[in-house]
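Structure first, commentary second.
Residue numbers (the UniProt record's numbering), protein chains in the order written: chain R, 1 to 208; chain D, 1 to 332.
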């Protein structure tokens, strides 16, 4: 992945978040406070402005600054969680304008570790982790198997989608949805859904 | 949605501009998004900073002033503030004696305040955090985010703020804040959902004959739904839960807060207070002080919360101390 592709990915995330903001907000209204789409759109609008006006020193730099922007613009739980994930991803990458596929896999793992450390969620809690973890597993497996980025990204997106849909039956144990207890079951988790959007955007921009 | 707004995206900024215009004793920083006492910082005084999503007015901006908060950081509607904002507010009011962050136990608030406290420490400002988690409607276990912070936030800010005003040290101010929280329990009902300006529609739909039981202050639904019952029965259920969750016994003295969630008229809040007074009298609990009104709201949600705090002499003395803020004002 080079700087241009990293920027293309983040722009695609911004477009996707803008297009699906209402859907994310609807999911959040069912079990949270109904602002997930609005908040992420505000954050990625700021990320787009960052991408427009910045000379980046490397791929890691793109993600570190994206993370910082999300932390300082989004608020709520999704700001620190996604912000920390992108910052950790960027920090884990070696410096320079191009990173290898194994580097990227390592960075994505650092991102998941950051989300888990900050939010304290484990698989099955009905959170971002339920989409992120299977996506990462699929990505790593593809990379180890010698796949190229398009194939790894497509596999990660599929796994994230499956993970997000699987949150429908779960009872939330973290975040605001946990206040609903058993009533949270039957609704897809908005955080897992936006994680799916992020991996889907990577699959879309790398698709042959 | 019908609201007195210009643009849904500008609601918080424009409300803060209006707050500044209405209250010259407050300073509003529109760029950093905080509200502070215009006379802050006070050298040697412990400062209190709180914040959270907007939409809970007068909480928190309305509780900035002498005897209570030194600064508040309002986030977007129902969204916690960001670390930069909290850090800016913290630095703006630090008088060198440290800063107490009063944080409601919501995941987003906890994370953003934690990040801000770490940033403040890097810049040499000592921060103690008081976590408010009084909502006993939430089942608490090691597998959940824990109980929400609701009405008791007001009492924590008032009582800890009074101790800071009279020269309490950082550890003492934080300690009394934690004691007030530990002695408090709250329970809420909603008749309708609030409407977030950015979403433009109510957070949830509720049939005419049903209520949400154990609702929070962000438009998020409660733990369960029930048929609407007479206020007398709802109050009894809420107080049964409160008195079971917290050790409040015959002979204890309490402060009672009957809090409107934004869309409930005072006539109903007073009616409910009357029922609360009856039940607590039956149980031998003495109501030493009471507040009835809209203090910790949820936009235009019709509903109310009941908070009961078991108090000591010291808490009562600090509660009675002068306070001069837009939302709470006496003795000064």
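For every residue, glycine included, the Cβ atom is placed at its ideal position computed from N, Cα and C.
Residues in its own chain within less than 6 Å of residue 132 (chain R) by CB, not counting five upstream and five downstream?
112 and 195
Do you know offhand how far residue 39 (chain D)'s Cα is from residue 252 (chain D)'s?
38 Å
For a contact meaning CB atoms closer than 7 Å, what does residue 220 (chain D) contact in chain A?
The chain inventory of the structure shown lacks chain A, comprising the protein chains R and D.
Against chain R, with Cβ distances strictly below 8 Å, would residue 204 (chain D) count as a contact?
yes
Output yes if chain R places a C-beta closer than 8 Å to the C-beta of residue 80 (chain D); else output no.
Yes, because at least one Cβ of chain R sits closer than 8 Å to the Cβ of residue 80 (chain D).
Measure the alpha-carbon distance for residue 166 (chain D) versus residue 16 (chain D) and round it to whole angstroms.
29 Å
In terms of residue numbering, what span does the alpha helix (DSSP H) encompassing residue 16 (chain R) cover?
3–31
In this structure, how does DSSP classify residue 307 (chain D) when only helix, strand and coil are distinguished?
Three-state DSSP puts residue 307 (chain D) in a strand.
Please list the terminal residues of the continuous beta strand (DSSP E) segment that includes residue 52 (chain D).
47–54
Pairs of beta-carbons, one from the region 86–104 of chain R and one from the region 54–74 of chain R, closer than 8 Å: are there three or more?
Touching, yes, given that three or more Cβ pairs across the two stretches are closer than 8 Å.
Does DSSP put residue 259 (chain D) in a helix, a strand or coil?
strand
CB contact below 8 Å: residue 148 (chain D) versus chain R
yes
Taking only beta-carbon positions, decide if residue 116 (chain R) is within less than 8 Å of chain D.
no
Tell me which residue opens and which closes the alpha helix (DSSP H) that residue 96 (chain D) is part of.
Where residue 96 (chain D) is concerned, there is no enclosing alpha helix (DSSP H), given that its DSSP letter is neither H nor E.
Within 8 Å (strictly less), CB to CB, does residue 173 (chain R) reach chain D?
yes
Stretch-stretch touch, CB-based, cutoff 8 Å, three pairs: the region 127–141 of chain D with the region 180–189 of chain D:
yes
Continuous alpha helix (DSSP H) stretch holding residue 21 (chain D): start and end
11–22
How many Å lie between residue 41 (chain R) and residue 97 (chain D) at the Cα?
Spanning the alpha carbons of residue 41 (chain R) and residue 97 (chain D) requires a straight line of approximately 39 Å.
Around the C-beta of residue 25 (chain D), are 16 or more other C-beta atoms found within 10 angstroms, so that it is buried, or is it exposed?
With fewer than 16 other Cβ atoms within 10 Å, it is exposed.
For the region 56–73 of chain R, which residues have a beta carbon sitting closer than 8 Å to at least one beta carbon of chain D?
71, 72 and 73
Tell me, please, whether the CB atom of residue 290 (chain D) is closer than 8 Å to any CB atom in chain R?
no
Considering only the beta carbon of each residue, do residue 334 (chain D) and residue 224 (chain D) sit closer than 8 Å?
Because chain D in this structure spans residues 1 to 332, residue 334 (chain D) falls outside the shown range and cannot be described.
Specify the secondary structure class of residue 71 (chain D) as computed by DSSP and reduced to three states.
strand
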